[in-house]
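First up is the structure itself, then whatever we jot down about it.
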């Protein structure tokens with residue numbers, strides 16, 4: 002028998018942010034008021050009830066800047082894909098540092114360009130974000 006030993010972090014995360022009906026309208030500054038979340042360790046996208054692919058888009062900002070006026074050059078800092086009728090998990094072992102804020106939305110738009118509005122995937126996408134320090 003082969004034995005492998007590994008160090009396992011004492012904790013997986015300290016904060017859970019749960020959006021049970023993610024839409025094309027942003028949820029702004031989701032870590033506000035939480036002192037134990039300046040990194041993202043895991044994102045779970047439950048797209049099992051949606052018959053089309055969904056993208057979770059995020060900006061490290063207190064307000065999600067859609068492409069309009071002076072904000073037209075704002076880009077997403079994170080864009081995660083979930084295939085139709087699937088649940089996917091993204092893990093970031095070292096954590097993605099979030100210094101300014103974290104604002105997210107879910108959309109079925111396939112374009113990677115910034116837009117003034119995003120197609121709503123139908124209020125049935127569930128997004129779980131595990132954060133910590």
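In our numbering, the protein residues as written are 2 to 134.
We treat Cβ as the ideally placed atom computed from N, Cα and C, and that holds for glycine.
What's the gap between the Cα of residue i and the Cα of residue j?
i, j, result
"residue 24", "residue 65", "13 Å"
"residue 54", "residue 126", "10 Å"
"residue 128", "residue 85", "14 Å"
"residue 56", "residue 81", "5 Å"
"residue 123", "residue 91", "22 Å"
"residue 1", "residue 101", "A query on residue 1 cannot be resolved here, the shown segment of the chain reaching from 2 to 134 and no further."
"residue 45", "residue 104", "16 Å"
"residue 70", "residue 27", "Here residue 70 scores only 46 on pLDDT, less than 50, and its place in the model is too uncertain to base an answer on."
"residue 14", "residue 52", "31 Å"
"residue 35", "residue 67", "25 Å"
For residue i, which residues of its own chain have a beta-carbon under 6 Å away from its beta-carbon, when the five flanking residues on both sides are left out?
i, result
"residue 38", "16, 32, 132"
"residue 18", "31, 130"
"residue 96", "40, 42"
Give me the DSSP bridge partner(s) of residue i.
i, result
"residue 104", "60"
For residue i, which residues of its own chain have a beta-carbon under 7 Å away from its beta-carbon, when the five flanking residues on both sides are left out?
i, result
"residue 119", "25, 106, 108, 110"
"residue 77", "58, 59, 60"
"residue 50", "125"
"residue 87", "48, 49"
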